[in-house]
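J.: Add 852 to the 1-based position in the sequence shown for my numbering, that's all there is to it. Next up is a structure, given as structure tokens.
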Amino acid sequence: MSIDLHTHSNYSDGTLTPTELVNLAREKKISALALTDHDTMAGVEEAVRAGEMMGVEIIPGIEISVLHDKVEYHILGYWADSQNSVLAEALAILQGARSERNSRILQKLNELGIPATNDELERVSEQGQTGRPHIARLLVRYGAVKTITQAFDQFLKKGAVAYVSRFAYTAIEAVSLIRQAGGLAVLAHPIQNDPELTRLPLVLTGLVPAGLDGLEVYYPTHSHKIKKKLRALAEQNNLLLTGGSDYHGDVRPGTTLAGGGNIFVPPELLVKMKERLRTQA
């Protein structure tokens, strides 16, 4: 049996509800699943209820988009208390920043002759927060592009005609937020914006003293060579190994939960994470 410590629901930019995601995990024989929606833990309660009914262990999680030395990274948080006042306030600020960016992107699209509205965007997202992936779906519906990828390339990625930046915490701030809320902080898919891991050793000199707990080693696009490098860096810095599929549903065709495709996440990693959590309690 595999575990999967990196998934998304329709509370952020995934297409499945938390309940549907847990049901898929059961079908795929995933023994433990972490719901790590972007900048929100709003779907965790539903996932936990579904997990109790279906016999799948649910790890409360989150994925926070951050900056470190002006480069974007993502920090995964596990078992952070969503009711923690400091974390809740920080996430509310992120939600406000997302909403403001959405409005500015829609304004740019309107100026380009695409009459997309906030009401339409909310209908696309159904619930939870909205962001660029939902705007991309809206662009497909309008016929402005044929695919989500094309929407990002032509309109939404950095440097594209409708791109708008937004506020982000630093990686050190995100690690601190997660740790003070009782959670473990892990650097997600380290090859993002660093495909050969040339910057990572220096990045870790800043994040490890700040309380970083682990590295996401098992990931669909991580080659054997990359995993070997990450294991070595984790050992050098006393960091946990984690892994997950980054599953988003049919918005990313051909992807699946861990245990299928090219990713298997060993269950014993979760045991070590729980041991670390107990020592930090």
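Glycine included, each C-beta is placed from N, C-alpha and C at the ideal position.
#1: To the nearest angstrom, how far is the alpha carbon of K1126 from that of G929?
#2: Out of curiosity, what's the CA-to-CA distance linking V908 and M853?
#3: Sorted by chain position, which residues of the same chain lie with C-beta nearer than 8 Å to R956's C-beta, five sequence neighbours on each side aside?
#4: Would you call the segment 1100 to 1112 and the segment 903 to 920 in contact, with 3 or more CB pairs under 8 Å?
#5: Based on DSSP bridge pairs, tell me the residues matched to P912.
#6: Closest to D1098 by CA distance: which of R878, H926, L1056 and G1066 is it?
#7: Would you call H1076 buried or exposed, if buried means 16 or more other Cβ atoms sit within 10 Å of its Cβ?
#8: Out of P1118, N862 and G1034, state which residue places its alpha-carbon closest to the alpha-carbon of Q979.
#9: For the beta strand (DSSP E) containing G895, list its first residue and its last residue.
#10: Looking only at its chain, what residues have a beta carbon closer than 8 Å to the beta carbon of H920, apart from the 5 residues adjacent to it on each side?
#11: Which residue marks the beginning of the beta strand (DSSP E) containing T859, and which one marks its end?
T.: Considering the structure as presented:
#1: Between the alpha carbons of K1126 and G929 lies a distance of about 13 Å.
#2: Going from the Cα of V908 to the Cα of M853 covers about 12 Å.
#3: V1016, listed in sequence order.
#4: Between the segment 1100 to 1112 and the segment 903 to 920 there are fewer than three C-beta pairs closer than 8 Å, too few to call the two in contact.
#5: Its beta-bridge partners are L887.
#6: Closest option to D1098, Cα to Cα, is H926.
#7: Burial call: exposed.
#8: Closest option to Q979, judged by alpha-carbon separation, among P1118, N862 and G1034: N862.
#9: In the DSSP assignment, G895 falls outside any beta strand (DSSP E) and carries neither an H nor an E.
#10: Excluding positions up to five away in sequence, the list reads T1022, A1023, I1024, V1055, G1058 and L1059.
#11: From DSSP, the beta strand (DSSP E) with T859 extends over S854 to T859.
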